[in-house]
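Peer 1: The listed protein sequences correspond, in order, to chains R and Y. Residue numbers for the first sequence follow UniProt numbering, so the first one is 1 and each next one is one higher. Residue numbers for the second sequence follow UniProt numbering, so the first one is 1 and each next one is one higher. Just so it is clear, CB atoms sit at the ideal spot from N, CA and C, and this is done for glycine as well. Input: one structure, supplied below.
2 protein chains.
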Amino acid sequence: MDASGLMMPRAAVTAACGACAGASRGLCHGLEEADQAALFNAASSLRLPARSAVFREGDRANAVFTLKDGAAKLLRALPDGRQQIIGFRFPGDLIGYTARDRYPCDAELVSDATVCRVDRGRLESMSRHCAGLSHRLLELCAEDLAAAQDQLNAMAQKSAEGRVAAFLLMLREADRRNGGTGLDLSLPMTRADIGDYLGLTIESVSRVFAALRRGGLVKEPQRGRLRLADLPGLEALAGSDGAAAPLSGPGRPAHRSAA
Amino acid sequence: MDASGLMMPRAAVTAACGACAGASRGLCHGLEEADQAALFNAASSLRLPARSAVFREGDRANAVFTLKDGAAKLLRALPDGRQQIIGFRFPGDLIGYTARDRYPCDAELVSDATVCRVDRGRLESMSRHCAGLSHRLLELCAEDLAAAQDQLNAMAQKSAEGRVAAFLLMLREADRRNGGTGLDLSLPMTRADIGDYLGLTIESVSRVFAALRRGGLVKEPQRGRLRLADLPGLEALAGSDGAAAPLSGPGRPAHRSAA
DNA sequence: CGGGCATTTGAGAGTACTCAACCGATGTGG
DNA sequence: CCACATCGGTTGAGTACTCTCAAATGCCCG
């Protein structure tokens, strides 16, 4: 098992990967031009279909990838067949970097996508010459850590509605980072994916979406597409914490404890 | 505001910090002897009382710390006065390393403790010469990330009993790493701390502990001390997922969704 | 057109929360 | 030395949110 070949059905390998070096975020951010060029040369671009795996937990971590377009989910398969979704990744995001020699989780595409592959060995030999690169990796890891902790907070403190609202606002931010309006979003993941990410059942997710539609907070003009119609309302639901009045009833003030 | 002086009431600064370099885990793990010696010289030891802050979110990250004895909690204060506890740290653990120039969260002691302070600037200048050190930092960050993700999984999938059981088994592992039997544990944190960590109310935590005591799974011979009396039982409750029969009733098979 | 999949909706059950009172230990001041 | 306040913890009763089980709908694809 490794991160190439059989795992990537119908992969079309193109020559080099301009978008990687050009991206304002991602791996190259803050690197000097010469280093960016070196990364540029170490990269190749792949086109992959929805539901294919970029890599699997336990595979040898021979490469890191940046997402050029499409969306991916990072997940850990649970022994009983369920899955815990660690997070979603969008264009410009880096996936698969790790300090270990094996990937710590699966990466699966939730839509057709183009990824940019950077050889791990190349990256590491570069990072020996270029202090900025290893620092950048630590920064990225710290960002992921912060995101995981925000997610922890959401799971601990927020109601189902609050979690979904916060999730939608996260999608919005991802869209804006990539030059979108942040109002008309692609929603390629299934209710099951969202539930596995937020710690809710499919039914609960569906009910929350139904309530958001009824409340006029969002519209779903078509499958896989979502329009944020009432941003303040969503932000109130997501709340910086979990409070704020839900769409119906007195809601859950979330538990208190500290002073 | 910075990580020294006023924040550290009654701090007693001793000369150097042998235990830091000697620790088999922590910052020095895997470093060459000369590098360990350099870190050794850059470190000083502090004695701090329970409830004091090692650093606060937003403070300039001028130092990293290793816990020599005692226990600490990492937390983020929420706008409404509550707190989200990110994790607990035990002897041998490193706290306060980050890629940013500010700490991303508070670190508070839950018991009297001795910490070993390593100057950040010293650490960074070392890491420029010593590739192993920055790699080690990335490794530590990746470990924290994995722990946060485990915690996410627990919050999403496990019942209150499962979370508490998993928490106790985590304490057990920390005790064993530090040479204890893993059976007779110190439990310096309050129910509120545990609740804020696990996403439960004080009352729920208390009820779960009561149930564990009634079921003979644990004993609390005195305040702040806990004996694990039925390890298999606790492991069954904690389950690799959230299933397994609870102490009473049919319990929560946790939600399913994936294939 | 039929099968499979994702989603929706309904009814009922159960876990964890809320509110509230009480207990024991600790610490302070009269 | 004791009254009293405080803090952490425990326990009880009732509520409410989310899960479970079940069935129906709509959509895509062969």
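Roughly how many angstroms separate the alpha carbons of E108/R and L94/Y, rounded to a whole number?
Peer 2: Against the first sequence, residue 108/R aligns to sequence position 108. Against the second sequence, residue 94/Y aligns to sequence position 94. Cα to Cα, the separation comes out at about 33 Å.
Peer 1: Measuring only the C-alpha atoms, how far is K68/R from V115/R?
Peer 2: Walking along the first sequence from the start, residue 68/R turns up at place 68. Walking along the first sequence from the start, residue 115/R turns up at place 115. Answer to the nearest angstrom: the Cα atoms are 5 Å apart.
Peer 1: Let's see if you can read the secondary structure: which residues bound the alpha helix (DSSP H) around V208/Y?
Peer 2: Locating residue 208/Y in the second sequence gives position 208, where the first residue counts as 1. Residues 202-214.
Peer 1: Does the beta carbon of E139/R sit closer than 8 Å to a beta carbon anywhere in chain Y?
Peer 2: Within the first sequence, the letter at position 139 stands for residue 139/R. Yes, its Cβ sits closer than 8 Å to a Cβ of chain Y.
Peer 1: Whose C-beta lies closer than 7 Å to the C-beta of A50/R among residues of the same chain, with five residues either side of it excluded?
Peer 2: Residue mapping note: residue 50/R aligns to position 50 of the first sequence, counting from 1. Taken in chain order, the residues that qualify are L109, V110, S111, D112.
Peer 1: So for S125/Y, helix, strand or coil by DSSP?
Peer 2: As a working note, residue 125/Y is residue 125 in the second sequence. Helix at S125/Y.
Peer 1: Compare the beta carbon distance of R89/Y and L74/Y with 8 Å and say whether it is the shorter of the two.
Peer 2: In the second sequence, residue 89/Y corresponds to position 89, counting from 1. In the second sequence, residue 74/Y corresponds to position 74, counting from 1. In contact: R89/Y and L74/Y (Cβ atoms closer than 8 Å).
Peer 1: If you measure beta-carbon to beta-carbon, which residues of the stretch 78-104 of chain Y are closer than 8 Å to chain R?
Peer 2: Per Cβ criterion, the list reads L78, P79, D80, G81, R82, Q83, Q84, I86, T98, A99, R100, P104.
Peer 1: When the cut-off is 8 Å and only beta carbons count, does Q149/R lie next to chain Y?
Peer 2: Position 149 of the first sequence, counting from 1, holds the residue named residue 149/R. Closer than 8 Å to some Cβ of chain Y, the Cβ of Q149/R qualifies, so yes.
Peer 1: Tell me whether C130/R sits in a helix, a strand or coil according to DSSP, three-state version.
Peer 2: In the first sequence, residue 130/R corresponds to position 130, counting from 1. Of the three classes helix, strand and coil, the one that applies to C130/R here is coil, per DSSP.
Peer 1: Taking the straight line between their C-alpha atoms, what separation do you get for S206/Y and G215/R?
Peer 2: The count along the second sequence starts at 1 and reaches residue 206/Y at position 206. The count along the first sequence starts at 1 and reaches residue 215/R at position 215. Going by the C-alpha atoms only, they are around 38 Å apart.
Peer 1: Check whether chain R comes within 8 Å of H29/Y, counting only Cβ atoms and requiring the distance to be less than that.
Peer 2: Reading the second sequence from its first residue, position 29 is the one you call residue 29/Y. Answer no: the Cβ-Cβ gap between H29/Y and chain R never drops below 8 Å.
Peer 1: Whole alpha helix (DSSP H) runs in the UniProt domain "Cyclic nucleotide-binding" (27-99) of chain R with 4 or more residues, listed along the chain?
Peer 2: Those alpha helix (DSSP H) runs which fall completely within the UniProt domain "Cyclic nucleotide-binding" (27-99) of chain R and span 4+ residues are 33-42.
Peer 1: Listed from N- to C-terminal order along the chain, which residues in the stretch 118-142 of chain R have their beta-carbon within a distance smaller than 7 Å of any beta-carbon of chain Y?
Peer 2: The residues in question are R128, A131, S134, H135, L137, L138, E139, C141, A142.
Peer 1: Determine whether the Cβ of A23/R lies closer than 8 Å to any Cβ atom of chain Y.
Peer 2: Numbered from 1 along the first sequence, position 23 holds the residue referred to as residue 23/R. Caution applies to A23/R, whose pLDDT of 49 falls short of 50 and renders its modelled position unreliable; the value that the coordinates give is listed next. It does not: the Cβ of A23/R has no partner Cβ on chain Y nearer than 8 Å.
Peer 1: Comparing the CB of M189/Y with every heavy atom of the ligand SAM, is any distance shorter than 7 Å?
Peer 2: With respect to the ligand SAM, the structure shown offers nothing to examine, as it has no ligands at all.
Peer 1: Between the stretch 150-171 of chain Y and chain R, which residues of the former have CB atoms less than 8 Å from a CB of the latter, in chain order?
Peer 2: Here the close residues are Q151, L152, N153, M155, A156, Q157.
Peer 1: Where L171/Y and I194/Y are concerned, what is the direct C-alpha to C-alpha distance, given to the nearest angstrom?
Peer 2: Residue mapping note: residue 171/Y aligns to position 171 of the second sequence, counting from 1. Residue mapping note: residue 194/Y aligns to position 194 of the second sequence, counting from 1. Approximately 12 Å between the Cα atoms of the pair.
Peer 1: Between the stretch 122-141 of chain R and the stretch 125-138 of chain Y, do at least 3 Cβ pairs fall closer than 8 Å?
Peer 2: Yes, the stretch 122-141 of chain R touches the stretch 125-138 of chain Y.
Peer 1: At a cut of 8 Å, does the stretch 122-131 of chain Y reach the stretch 74-84 of chain Y through at least three beta carbon pairs?
Peer 2: No, the stretch 122-131 of chain Y does not touch the stretch 74-84 of chain Y.
Peer 1: Which one of D106/Y, R122/Y, A174/Y, V208/Y has the shortest CA to CA distance from S159/Y?
Peer 2: Position 159 of the second sequence, counted from the first residue, corresponds to residue 159/Y. Of the candidates D106/Y, R122/Y, A174/Y, V208/Y, the one whose C-alpha sits nearest the C-alpha of S159/Y is V208/Y.
Peer 1: Check P232/R in the structure and name its three-state DSSP category.
Peer 2: Locating residue 232/R in the first sequence gives position 232, counting from the first residue. DSSP places P232/R in helix when its eight states are reduced to three.
Peer 1: Please state the DSSP three-state secondary structure of L217/R.
Peer 2: For the purposes of this step, residue 217/R is identified with residue 217 of the first sequence, where counting begins at 1. Here L217/R sits in coil by DSSP.
Peer 1: What is the DSSP secondary structure of L187/R, counted as helix, strand or coil?
Peer 2: Against the first sequence, residue 187/R aligns to sequence position 187. Looking at L187/R - three-state DSSP - the assignment turns out to be coil, as it is neither helix nor strand.
Peer 1: When you compare the CB positions of Y103/Y and E161/Y, do they come within less than 8 Å of one another, or not?
Peer 2: By 1-based counting over the second sequence, the position of residue 103/Y is 103. By 1-based counting over the second sequence, the position of residue 161/Y is 161. No, they are not a contact pair.
Peer 1: So A63/Y packs on R117/Y, CB below 8 Å; how close in whole Å?
Peer 2: Counting from 1 along the second sequence, the entry for residue 63/Y is found at position 63. Counting from 1 along the second sequence, the entry for residue 117/Y is found at position 117. Rounded, the Cβ-Cβ distance is 5 Å, consistent with contact.
Peer 1: Would a check of beta-carbon distances place G199/Y closer than 8 Å to chain R?
Peer 2: Walking along the second sequence from the start, residue 199/Y turns up at place 199. Yes, G199/Y lies at the interface with chain R (some Cβ there is under 8 Å from its Cβ).
Peer 1: Among A142/Y, G199/Y, P188/Y, which one has its Cα closest to the Cα of R163/Y?
Peer 2: By 1-based counting over the second sequence, the position of residue 163/Y is 163. Among A142/Y, G199/Y, P188/Y, the Cα nearest to that of R163/Y belongs to G199/Y.
Peer 1: Using a Cβ-Cβ cut-off of 8 Å (strictly less than) and excluding sequence neighbours within five positions of R177/Y, which residues of its own chain qualify?
Peer 2: Indexing the second sequence from 1 puts residue 177/Y at position 177. Within the same chain, R177/Y has close Cβ partners R25, F90, G92.
Peer 1: Please report how far the alpha carbon of A229/R lies from the alpha carbon of Q151/R, in whole angstroms.
Peer 2: Taking the first residue of the first sequence as position 1, residue 229/R is located at position 229. Taking the first residue of the first sequence as position 1, residue 151/R is located at position 151. Roughly 24 Å between the two C-alpha positions.
Peer 1: Going by C-alpha to C-alpha distance, which of I86/Y, G87/Y, D119/Y sits closest to D101/Y?
Peer 2: Counting from one through the second sequence, the residue named residue 101/Y turns up at place 101. Considering only alpha carbons, the answer is D119/Y.
Peer 1: What is the DSSP secondary structure of C141/R, counted as helix, strand or coil?
Peer 2: One-based indexing of the first sequence puts residue 141/R at position 141. It is helical.
Peer 1: Name the residue from A192/R, E173/R, L169/R, Q36/R whose alpha carbon lies nearest to the alpha carbon of L217/R.
Peer 2: On the first sequence, position 217 is the one that residue 217/R refers to. Comparing Cα positions, the closest option is L169/R.
Peer 1: What residue range is occupied by the uninterrupted alpha helix (DSSP H) comprising D119/Y?
Peer 2: Position 119 of the second sequence, counting from 1, holds the residue named residue 119/Y. D119/Y -> not in any alpha helix (DSSP H); beta strand (DSSP E) instead, spanning 113-119.
Peer 1: Does R76/Y get closer than 8 Å to chain R when you measure Cβ to Cβ?
Peer 2: For the purposes of this step, residue 76/Y is identified with residue 76 of the second sequence, where counting begins at 1. Cβ-Cβ to chain R under 8 Å: yes for R76/Y.
Peer 1: Look at the alpha carbon of R223/R and the alpha carbon of F40/R, and state the distance between them as a whole number of angstroms.
Peer 2: Reading the first sequence from its first residue, position 223 is the one you call residue 223/R. Reading the first sequence from its first residue, position 40 is the one you call residue 40/R. Approximately 36 Å, taken between the alpha carbons.
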